[in-house]
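Residue numbers (our numbering), protein chains in the order written: chain A, 13 to 385; chain B, 352 to 759.
Below is one structure, written out as structure tokens; comments come after it.
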Amino acid sequence: MSVNYNVLGLVFASMHDSYVSELTKSRTMGSIPFGGRYRLIDFPLSNYVNSGVSEVGVITKSNYGSLLDHLGSGRDWDLARKKGGLHLLPPYSQTGGIYKGRLDALNNIWGFVEHSNAKYVIMSNCDVVTTLNFNPALKQHMENEADITLIYSKSFYDGEKSNCATVLEFDENNCLKDALVAPQIKGECNIWLEMCIITKEFLKKVVADAASRNQHSFTREILQSGNKDYKIMGFKHDGFFTRIDSIQDYYNASRLLLDPTKKNALFMKNMPVFTKIGDNGPVKYGLESNIKDSLIADGCIIEGTVINSILFRGVRIGKDTVVKDCVLFQGTKVGESCSITSVITDKNVEISNAKVLTGSETYPLYIGKGGKI
Amino acid sequence: MYSKKRVVAMLLAGGQGSRLYALTKNVAKPAVPYGGKYRLIDFPLSNCTNSGIDTVGVLTQYQPLVLNEYIGNGQPWDLDKMNGGVHVLPPYETQSGASWYEGTANAIYQNIGFIERYDPEYVVVLGGDHIYKMDYSKMVDFHVANNADCTISVIDVPKAEASRFGIMICDEKKQIVDFVEKPKEPKSTLASMGIYVFSWAKLKEYLIENENEANAKREKGEPWSKDFGKDIITSMLKDGQRLFAYEFEGYWKDVGTLDSLWEANMDLLSPNVPLDLYDPNWKIYSRNNNYPPQYVGDNACIENSMISEGSTIDGTVDFSILFSGVTIEPGATVNYSIVMPGTVIKSGAVVEYAIIGSDSVIENRAHVGSSPEKIENRDKWGIAVVGHNVTVSAEKVVEPKQIIGENI
């Protein structure tokens, strides 16, 4: 993939943290572990890198220690560059305190955006997981000379189960008619993937306008109020995606990856998902191990039974233990003769011998970071 | 630029590894895959980093393409340094002509210029075909404490096996008094591990002397050689230099043959073998492919095995090592075998007591290898080997001991 210096990528690493408050207690949205060896921010970063975007700014808000640790210099995404590369943009607001919305955040980092030679800006959140090459959308954006191109997917939507999805309506010319946040409807809808391409000159104008009016919500001020004045268009993404709005969503989204078709749609050969390298040994299966329908990351040592589960790096499962429908984060240690079902364990949880823990499919049991049982 | 280093390591990676046959057809021996996600060279390189040696010259000659790409800028081993780091050193041309590396000593001789740039006190000479975890800094300390000119690391081997190795005879202070290559009647069981520490000034002197003597012999039509064990060590001993044996305790395995490569992999599955790949304080680093975690399907049956990232397992796997990106289809069986990266074992195929190279395909119902119990004449039994990028067509049989380098 050759490098496209015309595009600057921005990642909002902390958008919607409060929806998964259990998992963001000691981290931010972007550093939530996902898919056995990844953090949510790996998906937008890899999408940029695989699309040839090599200048990326990561906008943080709070609790971003684990994010900094994960990203380092950006080397594992090939973003430790002299020209472009990864830039961490810590929170700061000219009006005091932490920024309030996307427009406020952009206003505060505008110096960084201005300094870039790019003509286009792509923005992504971390709460939508998908694999996407931005180049077709970028081509459409340039051909239409649009101000904004919103990337969406057609998918089933249920207002009762969604916290914050934005549903988009387009007219026959593919121009935005309306954007509704968490509407109480049910059926096939255009769901915004929280990604868009924006022409930089246009973005500069609206960010400055919003600042002068003390407005900060991108969705409300631009997508909802501005759709008549601006050329806002849509680009449909047909690939696999999943949204993480709550811990139940997180649990369901994780287990979607146990379907090989969906897993292969997220992890494509020509679009590798990059992440921090752990240099763990291969997975070691013991003499009486029994594994079915599971995703298992390197460094695990498994002596027991694992069914329908996702095991992150370095998980240990003792003899005669049965793990079913679980998501076990990095470094979880489960002793011998345990039975754990529908459980999410955060990092470095230890469960001693002969424990029985049961959550439910619709409401998984969550055990916080470093918990000892 | 100031670039002084106390210790520089030189890694001899130019050997062909001809006894690995099909597995080293297009790949230098140090780049041969091992242990589920590693290549042989990961062990000496990781040992260097973990021992605090940050300047390594890798001497390449035979089929260097894969090895060069793999080493790259050395980043996976933390050897991408502003000063020092890993350098691949192929043979080169000078005003007086070009020559291949004519032996292990000559390879170092031709790179005296590289070593001198760092003005080191000590040079560590390593091979690229052994599996072990070793703190070279302790060996350098031992070398310094003994005021030695050369220190050779040795391991105590069973008496019955001693005649396969270079054997050191030492006094009670571990000073080497004699050295015999592959003796018929060994007088000691201390075998050379092919790891040397030299005081650089002394080594340089002997490299130049060996080079001049060997060239003089060649001109006269006499037999000559430019080899570490045979020439450098022998002359140092003859001249009464201080040579010491540094006794290593731990796992060390030569993987120069197909049988030993298979055994060294199987050792990882034995709880009694002291080679820990999960020690966070002495990691073995390797270049990563960015594969997703391995997926284990509904039909899978896995026991006592090691499997790496990006693999899809839906068949039966028992006592085996599977590398990254391997696919085992439903109804396929892999027992007591090593399957290298990217290989596909299709439905109904059976792989037993075998090594399958990378990016190969074993088609439906093909049968590779056999368990020793099924063979009446034990002399006919051995590991079956399929090379890299080879397809074994449906229903074909690869017999034990057979080595397949082309599609069948």
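Note that beta-carbon positions come from the ideal geometry of N, C-alpha and C, so glycine has one too.
Stretch-stretch touch, CB-based, cutoff 8 Å, three pairs: the region 447-456 of chain B with the region 503-510 of chain B: Counting Cβ pairs under 8 Å, fewer than three are found: no touch.
Residues within the region 649-661 of chain B neighbouring chain A, beta-carbon criterion of under 8 Å: Per Cβ criterion, the list reads D649, A651, C652, I653, E654, N655, S656, M657, I658, S659 and E660.
Element boundaries [alpha helix (DSSP H), containing K304 (chain A)]: Secondary structure note for K304 (chain A): it is in no alpha helix (DSSP H), and the uninterrupted beta strand (DSSP E) holding it is N302 to K304.
Exposure of S43 (chain A), with buried meaning 16 or more beta-carbon neighbours within 10 Å: Classification for S43 (chain A): buried.
R468 (chain B), DSSP secondary structure in three states: Taken through DSSP and simplified to helix, strand or coil, R468 (chain B) comes out as coil.
Option in A:C201, A:V179 and A:N264 with minimal Cα separation from R232 (chain A): Ranking A:C201, A:V179 and A:N264 by Cα distance to R232 (chain A) puts A:V179 first.
Residue span of the alpha helix (DSSP H) that contains E562 (chain B), given as start and end: Segment W551 to K571, the alpha helix (DSSP H) holding E562 (chain B).
Chain A contacts made by the region 434-468 of chain B, where a contact means CB separation under 8 Å: Along the region 434-468 of chain B, none of the residues has a CB nearer than 8 Å to a CB of chain A.
Beta carbon proximity, G293 (chain A) to chain B, threshold 8 Å: The beta-carbon of G293 (chain A) is placed less than 8 Å from the nearest beta-carbon of chain B.
Any C-beta of chain B under 8 Å from that of P272 (chain A): Output row for P272 (chain A): interface = yes.
Same chain, Cβ closer than 6 Å to I658 (chain B), neighbours up to 5 away in sequence not counted: Closer than 6 Å at the Cβ level, and outside the excluded window around I658 (chain B), lie Q645 and L673.
Top-ranked residue by Cα proximity to Y385 (chain B), from A:P294, A:N59 and A:H153: Comparing Cα positions, the closest option is A:P294.
Three-state secondary structure assigned by DSSP to A449 (chain B): Correct three-state label for A449 (chain B): strand.
CB contact below 8 Å: G48 (chain A) versus chain B: Nearest CB-CB separation between G48 (chain A) and chain B: below the 8 Å threshold.
Residue interval of the beta strand (DSSP E) (run including F493 (chain B)): Boundaries around F493 (chain B) are those of the alpha helix (DSSP H), Y487 to A496, since no beta strand (DSSP E) includes it.
Chain B contacts made by the region 298-309 of chain A, where a contact means CB separation under 8 Å: Close to chain B, meaning a Cβ-Cβ distance shorter than 8 Å, are the following residues of the region 298-309 of chain A: G298, L299, E300, S301, N302, I303, K304, D305, S306, L307, I308 and A309.
Cut-off 6 Å between Cβ atoms - residues of its own chain near V748 (chain B), not counting five sequence neighbours on either side: Contacts found: H718.
For W603 (chain B), the residue or residues it bridges with in DSSP: As a beta-bridge residue in DSSP terms, W603 (chain B) pairs with B:Y483.
Beta-carbon separation (whole angstroms), L205 (chain A) vs Y164 (chain A), contact threshold 8 Å: Indeed they touch by this definition, with Cβ atoms about 6 Å apart.
Paired residues, beta bridge with C208 (chain A) - DSSP: C208 (chain A) is bridged to A:M135 and A:L162.
Short CB-CB distance (under 8 Å) between F8 (chain A) and chain B: The structure shown does not extend to residue 8 (chain A), since chain A is modelled only from 13 to 385, so the question has no answer here.
CB of A309 (chain A) within 8 Å of CB of F324 (chain A), strictly: Their beta carbons are under 8 Å apart, which means A309 (chain A) touches F324 (chain A) by this criterion.
C-beta atoms of N650 (chain B) and D627 (chain B) nearer than 8 Å: Against a cut-off of 8 Å, the Cβ pair of D627 (chain B) and N650 (chain B) comes out as no contact.
Interface flag, Y413 (chain B) vs chain A, CB-CB below 8 Å: Closer than 8 Å: no.
Three-state secondary structure assigned by DSSP to I392 (chain B): DSSP places I392 (chain B) in coil when its eight states are reduced to three.
Where I289 (chain A) meets chain B, residues with beta-carbon distance less than 7 Å: By Cβ distance, chain B contributes N639.
Cβ separation of D337 (chain A) and E315 (chain A), assumed to be a contact under 8 Å, to the nearest whole Å: Not a contact, Cβ separation roughly 19 Å.
7 Å Cβ cut-off: residues of chain A touching N636 (chain B): Note on residue identity: the sequence assigns Tyr, not Asn, to residue 636 (chain B). By Cβ distance, chain A contributes D291.
Residue span of the alpha helix (DSSP H) that contains M154 (chain A), given as start and end: Start and end: N147 to N156.
Three-state secondary structure assigned by DSSP to E233 (chain A): Here E233 (chain A) sits in helix by DSSP.
For D26 (chain A), the three-state DSSP class (helix, strand or coil): Correcting the residue type first, residue 26 (chain A) is Ser in the shown sequence and not Asp. In the structure shown, S26 (chain A) adopts coil according to DSSP, grouped into three states.
C-beta neighbour in chain B for G199 (chain A), strict 8 Å: For G199 (chain A), not one C-beta of chain B is nearer than 8 Å to its own C-beta.
At least 3 beta-carbon pairs within less than 8 Å: the region 298-313 of chain A vs the region 324-333 of chain A: Taking 8 Å as the limit for Cβ pairs, the verdict is that the region 324-333 of chain A does touch the region 298-313 of chain A.
Inter-residue Cα distance where the pair is I363 (chain A) and A191 (chain A): CA-to-CA, the gap between I363 (chain A) and A191 (chain A) works out to about 46 Å.
Span of the beta strand (DSSP E) around H739 (chain B): For H739 (chain B), there is no enclosing beta strand (DSSP E), since its DSSP letter is neither H nor E.
Within-8 Å CB hit, L628 (chain B) to chain A: Closer than 8 Å to some Cβ of chain A, the Cβ of L628 (chain B) qualifies, so yes.
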